[in-house]
Amino acid sequence: MKNNGLLFVLLSSVTFMSVQANATLITFDGQLASDGSGLTSQLIDSSNQLDLSSGFFIETFDASTQMTGFPFPPNQDTSYNYNNAATNNGGCGINTLGAPGIVISETGGGLGVMKGSVSNVAAQPGGTDTTIGDTTCYGFTPKTGSSGTITVDYFNFLPQGVTLDYFGFYWGSVDTYNDFEFFLDNQSIFQITGSTLLSELLGSSGNQNSTMSNTYVNIFFENGESFNKFTVTSNGIAGEFDNVVVRSKIPEPMSLTIFALGLIGLAYRTKKHQL
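Going left to right, the sequence shown walks through residues -21 to -1, 1 to 254 as mature numbering (1 follows the signal peptide of the UniProt record, and there is no 0) numbers them.
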């Protein structure tokens, strides 16, 4: 049985820390994920499993926690997998990020997905810490080489008028040379750097086990702000992340049901166009 008192001490050190930047609120907290992936968003179930009607999209990089009701076949895109035994046998790959209409582009070493840690490649978020260590699959950049940028664009995936107003992710062994940037179309609206996070939490760059350099980051876009594209950049080895959670901003009077049907229709049209 886990020591709940120890757990509270570990997580409360970051639970109440937040930063306000213009119309964007950033908090550094999370809950323990029950699937062994370390930390996940407090806005979802700790199992990391929801269906489409929730209005959230969750990317765990694991076949065992794929979202249900999502508009694509129940399989994974394994083309980004790092070639090691743990990845090949571990059910790793991208799920929601591979949905029709979502575009992933890469520069430099690009996107990698794997399980465990490989020297000079990537380290699992939370390292070997028995509480926050991520023993499941996760994403990282660069997959090869010493730098990389990943761009994930939701523009052609979202029904007209729908944008995204929340982004959460488990950021592992944060380095000063990692950063996440958010865009509405091609306009940059917010960036969080590894240096900023480490300064706020008094963490040390690249520490694989500390809660001050391995934390769940919540970014709330407020006062009408939203995004439909983000980038992850690392100018060194490496930028690691897991349990990516985004929330759809659905305009009135569109309901979640209509929204879900819109996504399914979009997926059908995309698939038909590709045939």
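All C-beta atoms, glycine included, are put in the ideal place defined by N, C-alpha and C. It should be emphasised that the depicted structure is a prediction, and the values quoted were computed from it without experimental measurement.
Return the CA-CA distance between residue 17 and residue 94, expressed in angstroms with no decimal places. 13 Å
Span separating the alpha-carbon of residue 226 from that of residue 118: Between residue 226 and residue 118, the C-alpha separation is close to 19 Å.
Do you know whose CA, among 164, 143, 171 and 149, lies nearest residue 202's CA? The residue with the shortest Cα to Cα distance from residue 202 is 143.
On a CA-only basis, which of 85, 92 and 65 is nearest residue 72? Give me that one, please. The shortest C-alpha separation from residue 72 is found at 92.
Could you tell me if residue 107 is buried or exposed, where buried requires 16 or more neighbouring beta carbons within 10 angstroms of its beta carbon? exposed
To the nearest angstrom, report how far apart residue 41 and residue 74 are at their CA atoms. 8 Å
Touch check for the segment 57 to 70 and the segment 155 to 165: three-plus C-beta pairs under 8 Å? Verdict: no, contact absent.
Span of the alpha helix (DSSP H) around residue 177: 173 to 180
Beta-carbon proximity list for residue 207, same chain, < 8 Å, skipping 5 on both sides: Within its own chain, the residues whose Cβ lies closer than 8 Å to the Cβ of residue 207, once the five positions on either side in sequence are excluded, are 132, 133, 134, 137, 142, 143, 162, 163 and 164, listed in chain order.
Going by beta carbon distance, what residues of the same chain come within less than 8 Å of residue 26, once the five residues before and after it are set aside? Taking C-beta separations shorter than 8 Å and ignoring five residues to either side along the sequence, the partners of residue 26 in its chain run 12, 13, 14 and 44, following chain order.
CB contact flag (residue 115, residue 90, <8 Å): no
Could you check what DSSP says for residue 18 in three-state terms: helix, strand or coil? Residue 18 falls in the strand class under three-state DSSP.
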